[in-house]
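Chemist: Once you know that position 165 of the sequence shown is 996 in our numbering, the rest is easy, because the numbers rise by one and skip nothing. Okay, handing you the structure first.
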Amino acid sequence: MPQIVVYVLGAESSGKTDLVRQLEYLSKGKLLSVPTKCAPTMGQEVSALTVSASGGKRATMELRELGGSVVNTWESFIVSRKIKKTAAVKTKFFLLYVVDAAAPHQLPLASTVFRYLTEGSEATCAGWRALVVLQKCASADAMTQEEVKDYFADGKRREALCAVEADSWNGVGIGDVLQWLAEAAFHP
Ligand SMILES: Nc1nc2c(ncn2[C@@H]2O[C@H](COP(=O)(O)OP(=O)(O)OP(=O)(O)O)[C@@H](O)[C@H]2O)c(=O)[nH]1
Ligand SMILES: [Mg+2]
């Protein structure tokens, strides 16, 4: 089984830490049912998540959230983790890109950074499986995934772009994110 590293990126206050907490809870069969307070992530937070796939298969992955306030240093964090790859153990990298569905004003910057990190063969996250997580989807006037997808990719990339609506305050879509991670983990 290859080593799996999942980067959780997104603008400040988009809901990354809250999402990670709910993923950890749901992976243990529980769900947080009250809103929680999270301190802003200063730098990087690393945790482990175990996901289950069909047939009883399980995979443990390393989750790395980078705070939105250090967006200027995301690349150097990622590059230093990529350098740690050893020839003996294959490492797969995935990206959970969290977007605040209730903050349309953040969309231009959020999508520009996503494209910068993922588009083109030289991009830092080129070739990674990526899921755009539209967080806080139960908020009033939340944007839908169809409304935001055009910002994040064009043409064939747009058609292939995976996105999910989620709300970590009530658990909506958290199971879908876990399922996406499990499928990605066991995809050849
Ligand atoms: N309405 C709503 N608010 C949420 C949800 N998830 C998180 N929040 C709130 O959004 C704020 C920011 O959440 P965080 O998880 O700390 O955001 P973050 O993306 O980790 O922020 P940084 O670490 O600073 O980059 C907090 O006040 C959360 O309680 C959600 O599903 N719905
Ligand atoms: Mg955080």
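Where is the CB? At the ideal position from N, CA and C, for every residue including glycine.
#1: How far does the beta strand (DSSP E) with K923 in it extend, from its first residue to its last?
#2: Assuming V929 contacts K847 (C-beta within less than 8 angstroms), just tell me the rounded distance between them.
#3: For R989, which residues from the same chain have a beta carbon less than 8 angstroms from its beta carbon, with the 5 sequence-adjacent residues on both sides left out?
#4: Compare the Cα-Cα distances from E978 to each of P1019, A961 and A932 and report the closest residue.
#5: Could you check whether L926 and W959 sit closer than 8 angstroms to each other, using their CB atoms as the reference points?
#6: So C968 and G1004 are supposed to be a Cβ contact under 8 angstroms. How far apart are they, rounded?
#7: Could you tell me the distance, in whole angstroms, from the CA atom of R912 to the CA atom of K923?
#8: Under the criterion of a Cβ to heavy atom distance below 7 angstroms, does Q966 qualify as lining ligand 1?
#9: Whole angstroms are fine: how far does the CA of L992 sit from the CA of D985?
#10: Is it buried or exposed for T949, if we count other Cβ within 10 angstroms and need 16 for buried?
#11: Might you give, ordered along the chain, the residues of its own chain that have their beta carbon closer than 8 angstroms to the beta carbon of V1008, omitting 5 neighbours on each side?
#12: May I have the straight-line CA-CA distance separating L863 from W1000, to the nearest angstrom?
#13: Which first and last residues belong to the beta strand (DSSP E) in which G841 is found?
#14: Between which two residues does the alpha helix (DSSP H) carrying V979 extend?
#15: So for S911, helix, strand or coil by DSSP?
#16: Pick from A842, E1014 and L938: whose alpha carbon is nearest that of G874?
#17: Would the beta-carbon of E896 be found less than 7 angstroms away from any heavy atom of ligand 2?
#18: Tell me which same chain residues have a C-beta within less than 8 angstroms of the C-beta of R852, skipping the five on either side of it?
#19: Please state the DSSP three-state secondary structure of L962.
Modeler: Taking the structure as given:
#1: T922 to D931
#2: 5 angstroms
#3: K980, D981 and F983
#4: A932
#5: yes
#6: 7 angstroms
#7: 12 angstroms
#8: yes
#9: 9 angstroms
#10: buried
#11: L850, L854, L927, L962, V964, V995 and A997
#12: 8 angstroms
#13: Q834 to G841
#14: Q976 to F983
#15: helix
#16: A842
#17: yes
#18: L863, T867, C869 and S999
#19: strand
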